[in-house]
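Trainee: Once you've had a glance at the structure underneath, I'll fire off some questions.
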Amino acid sequence: MGTRTSPLAMVQARGVAARLQELADVTVEVVGIQTGGDRHKGHLGELGGKGAFMREIDRALLAGRVDIAVHCLKDVPGDVPRPDGLVFAAYVARDDVADVMLFPAAGKVQCLADLAPGARVGTSAVRRRAQLGRIRPDLRIEYLRGNVNSRLGRLDAGEEFDAIVLARAGLTRLGIERPGEALDILPAVGSGVLAVDCRADSDAVELVRLLDHQETRRCVSAERAMLHGLQGHCNSPIAGHARIERDGRLSLRGMVFTQDGSRFVHSEERSPVEQGEDLGARVAGDLLRKGARDLIGSVPN
């Protein structure tokens, strides 16, 4: 099983491996693969976006050096076709999708409302930047990359950031517990979902399908169909979240923003649960009719 070498990626892959070993008589070895995205310390846009976290792993999978790969689905680009011969055989049951704002451990500030005007907030996500810009346009949103522990270390040093934003799912998977504020913002497409990749002609496909969570797959199909329909790029602030409502229908919310969040378009639709791809295409079409293409075009690629 191939994955990135970051502590979070390794923890996630080991969890998936353990679950596979529970479900079938199989031994799974987790293999760390350093990617271009991990080696590069600058802006991901310089490498063509989030796909930089996947290229070496895709090559290892296609070459047969690994049989299975685990990815955070939110890191899988929606505007670039997946390599021929690979298939996401499973979407593991979705974890928490919340974005959490964290504050220096030794500080007194413990919520967004208490941040001083001009406070420095660290995140690498253009989606978060845009939505924070809508809530608190006075904040200074600064680019922050690195593994979770290094980001927390820079926060607690108190010299660069007054707050940072991380995914709650990652913190939970790493066993990190610290106070923070869940933000009222729309998640990234694929948030909280681990996707398990295989060669389409591999015997591993049937094994990996044991991990597939039907409700998560239905939600993901809607979200990624919307993302594909919008044809954004790595710097496009796009958010989307699908869920199955109490009435059993599938709902999808989508939003597209300018870089600073000062302008945005929003759409929300529902459909029968088995029509996720059609729902995603419909929401994308509605967003485009409302001006999403102009907003996407306004952000440099």
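Quick note on numbering: the sequence shown equals residues 14 to 314 in the numbering used here. C-beta: ideal position from N, C-alpha, C; glycine also.
Are the region 158-172 and the region 110-117 touching, with three or more C-beta to C-beta distances below 8 Å?
Mentor: Segments in contact, yes.
Trainee: The beta strand (DSSP E) with H254 in it runs from where to where?
Mentor: Counting from one through the sequence shown, the residue named residue 254 turns up at place 241. 251-257 is the span of the beta strand (DSSP E), which, as asked, contains H254.
Trainee: What does the alpha-carbon distance come out to for the pair P96 and R212?
Mentor: The residue labelled residue 96 in the question sits at position 83 within the sequence shown. The residue labelled residue 212 in the question sits at position 199 within the sequence shown. One C-alpha to the other measures close to 10 Å.
Trainee: Looking at the unbroken alpha helix (DSSP H) that takes in V139, where does it start and where does it end?
Mentor: Looking up residue 139 in the sequence shown gives position 126. It spans 139-148 - the alpha helix (DSSP H) in which V139 sits, taken as one unbroken run.
Trainee: For the region 128-142 against the region 253-263, do three or more pairs of beta-carbon atoms, one drawn from each stretch, fall closer than 8 Å, so that the two count as touching?
Mentor: No, they do not touch.
Trainee: For A27, collect the residues of the same chain with a Cβ closer than 8 Å to its Cβ; drop the 5 residues on either side in sequence, then sort them by chain order.
Mentor: Within the sequence shown, the letter at position 14 stands for residue 27. Looking at the sequence shown, residue 27 is not Ala but Arg. Counting only Cβ-Cβ distances below 8 Å, and skipping sequence neighbours, we find V43.
Trainee: Could you check the C-alpha separation between L75 and V24 for me, to the nearest Å?
Mentor: One-based indexing of the sequence shown puts residue 75 at position 62. One-based indexing of the sequence shown puts residue 24 at position 11. Taking the straight line joining both Cα atoms gives about 23 Å.
Trainee: DSSP on C232, reduced to helix/strand/coil?
Mentor: Counted from its first residue, the sequence shown places residue 232 at position 219. Reduced to three states, the DSSP call for C232 is helix.
Trainee: What first and last residue would you give for the beta strand (DSSP E) that runs through V79?
Mentor: Counted from its first residue, the sequence shown places residue 79 at position 66. Run containing V79: none; DSSP gives neither H nor E here.
Trainee: Excluding the 5 residues preceding and the 5 following A294 in the sequence, name in chain order all residues of the same chain whose CB lies nearer than 8 Å to its CB.
Mentor: For the purposes of this step, residue 294 is identified with residue 281 of the sequence shown, where counting begins at 1. Only A238, M239, G242 meet the Cβ criterion.
Trainee: Helix, strand or coil: how does DSSP classify A9 here?
Mentor: There is no way to answer for residue 9, as the model of the chain reaches only from 14 to 314.
Trainee: Determine, using beta-carbon pairs with one atom in the region 226-233 and one in the region 98-108, whether at least three such pairs fall under 8 Å.
Mentor: They touch, by the three-pair rule.
Trainee: Let me know the secondary structure DSSP gives R32 once reduced to three states.
Mentor: The residue you call residue 32 lines up with position 19 of the sequence shown. Helix.
Trainee: For the alpha helix (DSSP H) that contains D307, what are its first and last residues?
Mentor: Here residue 307 refers to the residue found at position 294 when the sequence shown is read from its first residue. From DSSP, the alpha helix (DSSP H) with D307 extends over 305-310.
Trainee: Please identify the residue among N160, D175, V29 whose C-alpha is closest to the C-alpha of P20.
Mentor: As a working mapping, residue 20 is identified with position 7 in the sequence shown. Considering only alpha carbons, the answer is N160.
Trainee: Please report the straight-line C-alpha distance between V93 and I177, rounded to a whole angstrom.
Mentor: As a working mapping, residue 93 is identified with position 80 in the sequence shown. As a working mapping, residue 177 is identified with position 164 in the sequence shown. Distance between the alpha carbons of V93 and I177: 29 Å.
Trainee: For the 8 Å Cβ check, are there 3 or more pairs between the region 130-137 and the region 252-259?
Mentor: No, they do not touch.
Trainee: Per DSSP, which residues does C211 bridge with? Please list them.
Mentor: Position 198 of the sequence shown, counted from the first residue, corresponds to residue 211. The partner list for C211 (beta bridge, DSSP) reads I81, V100.
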